[in-house]
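To start, the structure under review is shown below, and the notes come after it.
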Amino acid sequence: MRLTLKVWRQAGRSARGGFQEVVAEGVSPDSSFLEMLDGVNEKLEAEGREPIAFDHDCREGICGSCSLMINGHPHGPDDGVTTCQLHMRRYRDGDTIVIEPWRARAFPVIKDLIVDRSAFDRIIQVGGFVSVNTGSAQDANNLPIGKEVADLAMDTAACIGCGACVAACPNASAMLFVSAKAAHLGRLPQGQPERHARTRRMVAQMDTEGFGGCTNHGECEAACPKEIKMWNISFLNRDFLQASLSERSASQRAGDG
Amino acid sequence: MSGLGGFYRSSIGKKIVVGATGILLVGFLFVHMLGNLQAFEGPGEHGEPAKLTQYGELLRTEMAVLWAMRLGLLGLLILHVVTTVRLVAENRAARPERYAMARSMKTTFAARTMIFGGVALFAYVVYHILHLTVGAAHRDLFREGDVYGNVVRSFSNPVIATVYVAAMIPVFFHLRHGIQSALRTLGVDHPEHLARIQTAGGALAALITLGFMAVPLGVLFNLIRL
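Quick mapping for you: the protein sequence lines, in order, are chains X and B. My numbering puts the first sequence at residues 85 to 341. My numbering puts the second sequence at residues 878 to 1103.
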């Protein structure tokens, strides 16, 4: 296959970027999208030109490293897959493909197609965890968890933090990501002691990072490679309301003794 | 970040304010629409004023109560609009650089035009109050206290009737997305309930829209006359 790529090139964080047209020749329909880019980069390097910078790691859809807005779709046109799982048989000989980085104030471009997604790390660092004392592991059956709850928690735990939700959202909102973590830990008994503090802190960090707010378009759900559902955002909203209503100042907490 | 200020500064806090005020305003619209339908009761017999005019007098029984309701509605509207404007500004700022190519997958016309529908609605509400409450928009057609007569005289003018019917189109789209969106924001997260709410919200939006359209159309087609 012969393809024309219109790729966003940007030398660095503060550099001005623009689209560059690159021709990919001899592309196998069995190769993945990233393998196609590898081939293009080999050719660019052989010609002494700068290869296209893009994020990738596991190449089996579980690490959340790869990104790419492909012809206006995060992770390409297929449902429930990441860019590394997208195959070139999806395209026809002679196609033109526009490749852009995720666009959000909170995800600044580092180079070409690579964006800085450490905003997600900082959201997790303020509350996306459960505190567990070290020591011998407790018996797995000490805490009975219903199958429905376990399944719902597992569905949200599937989030790989790729940022496709932010990329797809017309408001560049991170609420699907934040809600996945809030609903994952907030549904499990281990997550209850820190539940309200977790929700409050993660929402505050999300706002500080400069993400937008949800207006219930549903683009995030459609783009999510792990098919995480939007009803988790409703869960987050309710949890945030409850957390705000039950919030107490430090002095009041001390008074509780 | 704590207390009411902190709640309002947060993105979700503002969303909850917009959703809650929106739902209350929908409640007002529904009651307003039901009240309007009394125009179909006609001009009144045996020298009595029309049902619609009597209803207008009923609302004015205690002016203090009427003004409390008006100020309450105004407060809801201001909160709804001011908070939305802040949210829209934040949402725009969250994506300074646009995509060269962006394709929507799931969003609806109603969702994408919320803010434009809102602006159109606001302009309409100002005109509507100047027209039928204050009486300043069309002085020749307005007589203080004659609610039914004002309605029939105004909507006998096809231009005014068309403006009123056309203004209900953005109302429909605004409510169709707004009702279900507000309930999501207020925390309804059960997938089956959400599906039902989407259907019911759309039906309520259509009901309110058609109910409001009925009066100007009724006058235009001579079902409601002096």
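From the three backbone atoms N, C-alpha and C, an ideal C-beta is built for every residue, glycine too.
task: State buried or exposed for X/LYS231, treating a residue as buried only when at least 16 other CB atoms are found within 10 Å of its CB.
output: Per the 10 Å Cβ criterion, exposed.
message: Quick check on X/LEU269: does DSSP put it in helix, strand or coil?
response: helix
- request: Output yes or no for whether 8 Å exceeds the beta carbon distance between X/VAL250 and X/ALA188.
  value: yes
task: Any chance you could list the alpha helix (DSSP H) runs of at least 4 consecutive residues sitting entirely within the region 192–269 of chain X, in chain order?
output: 202–211, 231–241 and 248–252
task: Verify the CB distance criterion: does B/VAL1065 have a CB-CB separation below 8 Å to chain X?
output: yes
field: Neighbour list for B/ARG975 in chain X, Cβ cutoff strictly below 8 Å
entry: ARG187
Reference B/PHE1032; option with closest CA among B/GLY904, B/VAL959, B/LEU1100 and B/GLY882: B/LEU1100
message: Residues of chain X with CB closer than 9 Å to the CB of B/LEU964, please, in chain order.
response: Within chain X, the residues near B/LEU964 are ASN255, GLY296, GLY297 and THR299.
Range covered by the beta strand (DSSP E) that runs through B/PHE1019: No beta strand (DSSP E) contains B/PHE1019, which DSSP labels as neither H nor E.
message: Just checking: is the beta-carbon of B/PRO1068 within a distance shorter than 8 Å of some beta-carbon in chain X?
response: yes
message: Just checking: is the beta-carbon of B/GLY890 within a distance shorter than 8 Å of some beta-carbon in chain X?
response: yes
message: If I follow the unbroken alpha helix (DSSP H) through X/TRP186, where does it start and stop?
response: Element bounds for X/TRP186: n/a, residue is neither H nor E.
field: Contact with chain X by B/ALA1082, beta-carbon distance below 8 Å
entry: no
message: What does the Cβ neighbour count give for B/GLY904, buried or exposed, with the cut at 16 atoms within 10 Å?
response: exposed
- prompt: DSSP puts X/GLY132 in a beta bridge; with which residues?
  reply: According to DSSP, X/GLY132 bridges with nothing at all.
Any non-hydrogen atom of the ligand MN within 7 Å of B/SER1033 CB: You won't find the ligand MN in this model; it holds no ligand whatsoever.
- prompt: Would you say B/ARG980 reaches chain X, if we count a Cβ-Cβ gap shorter than 8 Å as a contact?
  reply: yes
message: Run through chain X and tell me which residues come within less than 9 Å of B/ILE893, C-beta to C-beta.
response: ASN321, PHE324, LEU325 and SER328
query: For B/ASN1027, does the count of other Cβ atoms within 10 angstroms reach 16, so buried, or fall short, so exposed?
result: B/ASN1027 should be labelled buried.
Backbone secondary structure at X/PRO158 - three-state DSSP: strand
- prompt: Within this structure, are the beta carbons of X/GLN248 and X/PRO309 separated by less than 8 Å?
  reply: Here the sequence assigns Ala to residue 248 of chain X, which means Gln is not the residue at that position. Result yes, Cβ atoms of X/ALA248 and X/PRO309 sit closer than 8 Å.
Run of the beta strand (DSSP E) containing X/VAL106, from where it starts to where it stops: 102–108
task: Following the continuous alpha helix (DSSP H) through B/THR1010, name the residue where it begins and the one where it ends.
output: B/THR1010 -> no alpha helix (DSSP H), and no H or E assigned at all.
task: Kindly indicate which three-state DSSP category B/VAL903 falls into: helix, strand or coil?
output: helix
field: chain B residues whose Cβ lies nearer than 8 Å to that of X/GLU184
entry: Residues of chain B passing the Cβ test: TYR976, ALA977 and MET978.
- prompt: Taking Cβ to Cβ, would you say X/GLN267 is nearer than 8 Å to X/PHE319?
  reply: As written in the sequence, residue 267 of chain X is Ala, which differs from the Gln given in the question. Yes, the Cβ-Cβ distance between X/ALA267 and X/PHE319 is below 8 Å.
- prompt: Between the region 236–245 of chain X and the region 257–273 of chain X, do at least 3 Cβ pairs fall closer than 8 Å?
  reply: Cβ pair count under 8 Å is three or more, so yes.
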